[in-house]
Amino acid sequence: MKHIALLGSTGSIGIQTTDVIRNHPEEFKLFAMAFGRNVEKALPLVEEFNPAIIVVQDEETKTKLSEQNVQAEILAGSNGMKEIATHDHVDILVNAIMGSVGLEATLGAIESHKQVALANKETLVTAGHLVMEAAKKNQVDILPVDSEHSAIYQCLNGENRKDVNKITLTASGGSFRDKSRSDLEGVTVEDALNHPNWSMGAKITIDSATMMNKGLEVIEAHWLFDISYDDIDVIQHRESVIHSMVEFKDKSVIAQLGTPDMRVPIQYALTFPNRLEMQETKTLNLVEIGKLHFEEMDFDRFPCLRMAYEAGRAGGTMPTVLNAANEQAVALFLEGKISFLTIEALIERALEEHEVIPKPTLDTIVAVDQETRTRIKSYVK
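So for the sequence shown, the UniProt record's numbering puts the first residue at 1; every next one is plus one.
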């Protein structure tokens with residue numbers, strides 16, 4: 001039985017991870033879980049899975065949870081996350097927390113030789129060089145949970161990486177894929193959260209609408225698969241049936257297909273190199289689907305995707321700025337303080353004003369991250 005530490009247990013990926021654990025109780029045990037402040041959403045999971053350790057965001061939430069007669073040990077903050085990520089009883093760290101806050105816990109898990117199932121793309125975006133260097137040094141596999149990166153990982157399984165010509169990430173197009181730039185003036189938070197294909201958290205759904213999510217995935221793919229940005233393509237694929245594909249030097253293409261269900265890549269990361277039955281997921285029926293559609297990505301229509309490529313190529317601290325500026329701008333949009341189109345304007349301004357620091361240390365990354373968030377807030381004031 002594999003003992004799991006789950007960061008972001010009340011989020012979309014976290015909840016779907018508990019679905020996988022619930023469906024295979026003979027294979028997995030939720031040993032530890034971490035969440036922010038949503039005690040009401042966490043309590044049913046605590047009661048059902050009885051984790052030994054729970055980590056919450058702050059002392060106030062810790063007190064609130066303690067009042068519920070929870071039997072588990074309760075910790076708070078980033079130190080608590082690092083503690084469960086490196087715990088002797090943990091076999092797999094599932095990092096499904098939103099934002100760069102999960103970085104230190106991930107590095108700790110790698111240094112403790114834990115298997116890492118990564119749904120937190122911001123970890124690789126902000127500090128890809130540190131994470132992958134640590135993974136190589138400690139001989140730890142980073143198993144991607146994003147559907148696109150899981151697809152690439154599966155396509156490359158058993159293949160010689162030197163034979164890869166390029167990889168192609170597919171994008172649904174998000175909530176506003178059929179809208180022009182002018183149509184986006186005045187769109188609401190509710191409009192942006194109405195994703196056509198996937199059930200995801202608020203932040204990642206907004207990122208899908210701006211296409212920043214795909215931009216972050218490009219940077220993540222660069223680090224995960226050690227591939228040049230020039231050899232990473234993005235195409236729009238409305239149906240989200242082909243999750244991504246790899247072209248090899250003989251021009252053969254291997255793609256991974258499936259119905260849009262995040263539990264599939266989650267389970268694959270937990271069971272690798274084996275596979276388990278997925279009884280609740282619908283079998284892919286191509287005859288029923290009939291047609292699949294593909295479109296070229298327009299960088300003028302989706303400037304966040306362009307900025308992600310530019311930040312990735314610039315390297316150093318530029319991806320850290322990209323991610324921190326985006327997180328803060330999206331938060332401001334969700335709070336109703338800025339318009340949808342202002343998200344990308346704030347990100348671009350932050351990137352333009354930043355002077356790149358090459359090969360940053362973890363301390364430098366944390367400092368640049370905080371400085372960028374403060375700067376984005378100052379723009380709005």
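By construction, the Cβ of each residue, glycine as well, lies at the ideal position given by its N, Cα and C atoms.
Predicted model, so just to flag it, every value in this text is computed and none were measured.
A direct Cα-to-Cα measurement between E111 and Q139 gives close to 9 angstroms.
Between L143 and A269 a beta carbon distance of about 4 angstroms is seen, short of the 8 angstroms cut, so the two are scored as contacting. Taking C-beta separations shorter than 7 angstroms and ignoring five residues to either side along the sequence, the partners of A221 in its chain run H149, I152, I167, L169, I227, I232, following chain order. For G312, same chain residues with a beta-carbon under 7 angstroms away, outside a window of 5 residues either side, are V218, I219, H222, Y229, P319 in chain order.
A residue is called buried once 16 or more other Cβ atoms fall within 10 Å of its Cβ, and G11 is buried on that count.
Unbroken alpha helix (DSSP H) stretches of 4 residues or longer found wholly inside the region 153-237: 189-192, 202-210, 212-225, given in chain order. In summary, G99 is buried, with 16 or more beta-carbon neighbours lying within 10 Å of its beta-carbon over all protein chains present.
When V241, E247, G215, E295 are compared, the shortest CA-CA separation from I347 is found for G215.
Contact between T364 and T317 holds: their C-beta atoms lie close to 7 angstroms from each other, under 8 angstroms. Burial check for K62: the Cβ neighbour count within 10 Å reaches 16 or more, so the residue is buried. L292 sits in coil when the DSSP states are folded into three classes, being neither helix nor strand.
Cβ-Cβ separation between A42 and S9: approximately 7 angstroms, consistent with a contact (criterion under 8 angstroms).
Here DSSP, grouped into helix, strand and coil, assigns A119 to coil. Taken through DSSP and simplified to helix, strand or coil, K359 comes out as coil. Apart from the 5 residues on each side of it in sequence, G315 has no Cβ closer than 6 angstroms to any other Cβ in its chain. Collapsing the DSSP output to three states places I54 in a strand. Around the C-beta of N120, 16 or more other C-beta atoms lie within 10 Å, and the residue is accordingly described as buried. Per the coordinates, the alpha-carbon of D58 lies some 25 angstroms from the alpha-carbon of A117. Counting other Cβ atoms within 10 Å of its Cβ, T210 reaches 16 or more and is therefore classed as buried. Around V253, the same chain offers M245, E247 as residues with beta carbons nearer than 6 angstroms, after the five sequence neighbours per side are excluded. From the listed residues E352, L351, D91, R181, the smallest Cα separation to F340 is found for R181. In the same chain as D91, and ignoring 5 residues on each side of it, the C-beta atoms closer than 6 angstroms to its own belong to K2, H3, in chain order. In terms of Cα proximity to P44, the closest of P25, F28, Q68, A202 is Q68. H243 sits in a strand when the DSSP states are folded into three classes. In this structure I289 is exposed. Its beta-carbon is surrounded by fewer than 16 other beta-carbon atoms within 10 angstroms. The C-beta distance from I74 to V56 rounds to 7 angstroms, short enough to fall under 8 angstroms. When rounded, the separation of the alpha-carbon atoms in G158 and V189 is 43 angstroms. For V20, the enclosing alpha helix (DSSP H) starts and ends at 12-23. The residue from L103, N50, M33 with its alpha-carbon nearest to that of A76 is M33. With a cutoff of 8 angstroms on beta-carbon distance, M278 and R263 are scored as near each other. In terms of CA proximity to N326, E344 leads the group Y309, E344, G336, T106. If you draw a 10 Å sphere on the C-beta of K114, you find 16 or more other C-beta atoms in it, and that means buried. Between D369 and T123, the CB-CB gap reaches or exceeds 8 angstroms. Here DSSP, grouped into helix, strand and coil, assigns V253 to strand. Contact annotation, A85 with G14: C-beta distance approximately 15 angstroms; criterion of less than 8 angstroms not satisfied. Across the structure, F176 and K82 are spaced so that their CA atoms are roughly 38 angstroms apart.
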